[in-house]
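Student: In this note's numbering, the protein residues as written are 14 to 232.
Even glycine gets a Cβ: it sits at the ideal position worked out from N, Cα and C.
Quick one: this structure, given as structure tokens, is what I'll be asking you about.
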Amino acid sequence: MKAVLFDFDGTLADTLPVLYHSFRTVFLEFDGQEYSDEEIRSMFGPPETIIIDTKVQHPDKESARKLFYETYEKKHQELVKENAKVTYLLDQLSEKVQLGIITGKARRSLEISLRELRMEQYFDVLVPGDEVEKTKPAPEGIEKALRKIGVNKKDAVFAGDSDGDINAGLDAGVETVGALWLPNVQQTSFDRQPDRIFKDAGEFLTFCLDKIEDNEASE
Numbered sequence: 014m015k016a017v018l019f020d021f022d023g024t025l026a027d028t029l030p031v032l033y034h035s036f037r038t039v040f041l042e043f044d045g046q047e048y049s050d051e052e053i054r055s056m057f058g059p060p061e062t063i064i065i066d067t068k069v070q071h072p073d074k075e076s077a078r079k080l081f082y083e084t085y086e087k088k089h090q091e092l093v094k095e096n097a098k099v100t101y102l103l104d105q106l107s108e109k110v111q112l113g114i115i116t117g118k119a120r121r122s123l124e125i126s127l128r129e130l131r132m133e134q135y136f137d138v139l140v141p142g143d144e145v146e147k148t149k150p151a152p153e154g155i156e157k158a159l160r161k162i163g164v165n166k167k168d169a170v171f172a173g174d175s176d177g178d179i180n181a182g183l184d185a186g187v188e189t190v191g192a193l194w195l196p197n198v199q200q201t202s203f204d205r206q207p208d209r210i211f212k213d214a215g216e217f218l219t220f221c222l223d224k225i226e227d228n229e230a231s232e
């Protein structure tokens, strides 16, 4: 194993509460509509800018996007807590392999979260949703990340918490992991079966370290 790639929301960070709150604030302010968490989650896939542009009925999309980012940043510290096991996972893996994020988020919200959670230093490649033609479940983001860091798909693992993640990983031909270790995940079961499922980040770390050790022994 030479690279571990991750989804972000619900995989590396428990950001779903701040996402729900930010979208709910925008829809209520601009359209006077209230959406449930489930209704908002069903919109996930494209970056937040596209969700706002396509789902908000009010013509002032620019102001709607502005409110989203203001709310997301303002409420992030309150609604998103660091996860010690995820931090330890990244600490350990970043010393041994290259790490990357493939997310539907736009770069702006991703960078807010990385800064707020003090995760910026861990990653060798970031592929946000506004920098690909097709977001997950298409494999484009994973393939782009692997090209950027020069790693073959057989030497990579991708972990995520949604059907879109699992489909992207399997279709990219990388070992694909269902990541169910955070309090708020998008799904607890998947339409397509990933290669493995982990409900504890520490167990996933052990799995990765074993694969890294096997790789080093074979070289």
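Do you know how far the Cα of P207 is from the Cα of E91?
Tutor: 33 Å
Student: Taking 6 Å as the limit between beta carbons, can you name the residues of its chain near S175, skipping five residues before and five after?
Tutor: Q199, Q200
Student: How many angstroms separate the CA atom of Q70 from the CA atom of E83?
Tutor: 20 Å
Student: Could you tell me the distance, in whole angstroms, from the CA atom of Y7 to the CA atom of F40?
Tutor: No statement about residue 7 is possible, as the shown extent of the chain runs from 14 to 232 and does not include it.
Student: With a Cβ-Cβ cutoff of 8 Å, do Y252 and D44 count as a contact?
Tutor: Missing from the structure shown is residue 252; the chain here goes from 14 to 232 and no further.
Student: Under the assumption that L123 contacts V17 (Cβ atoms under 8 Å), give the Cβ distance between them as a whole number of angstroms.
Tutor: Contact between L123 and V17 fails: their C-beta atoms lie close to 17 Å from each other, not under 8 Å.
Student: At what residues does the beta strand (DSSP E) containing L127 begin and finish?
Tutor: For L127, there is no enclosing beta strand (DSSP E); the residue is part of the alpha helix (DSSP H) that begins and ends at 120-129.
Student: Mind the definition here: the segment 178-194 touches the segment 70-81 only if three or more C-beta pairs lie below 8 Å; say whether that holds.
Tutor: Contact fails between the segment 178-194 and the segment 70-81, because fewer than three Cβ pairs, one in each stretch, are under 8 Å apart.
Student: Taking only three categories from DSSP, how would you classify T189?
Tutor: The three-state secondary structure of T189, taken from DSSP, is strand.
Student: When DSSP labels each residue in this structure, what does R78 get in the three-state scheme?
Tutor: helix
Student: Let me make sure I understand the geometry here. Which of L106, R205, D213 has the alpha-carbon closest to that of D223?
Tutor: L106
Student: I'd like to confirm something about S175: is its beta-carbon nearer than 7 Å to some heavy atom of the ligand GDP, or not?
Tutor: This structure does not include the ligand GDP; it has no bound ligands of any sort.
Student: In the DSSP assignment, what are the bridge partners of A16?
Tutor: A16 is bridged to Q111, A169.
Student: To which residues of the same chain is K68 closer than 8 Å at the C-beta, ignoring the five residues directly before and after it?
Tutor: F40, M56
Student: Kindly list the residues whose CB is nearer than 8 Å to the CB of P11, restricted to its own chain and excluding five residues on each side of it in sequence; keep chain order.
Tutor: Summary: the structure shown does not reach residue 11, with the chain confined to residues 14 through 232, and so no result is reported for it.
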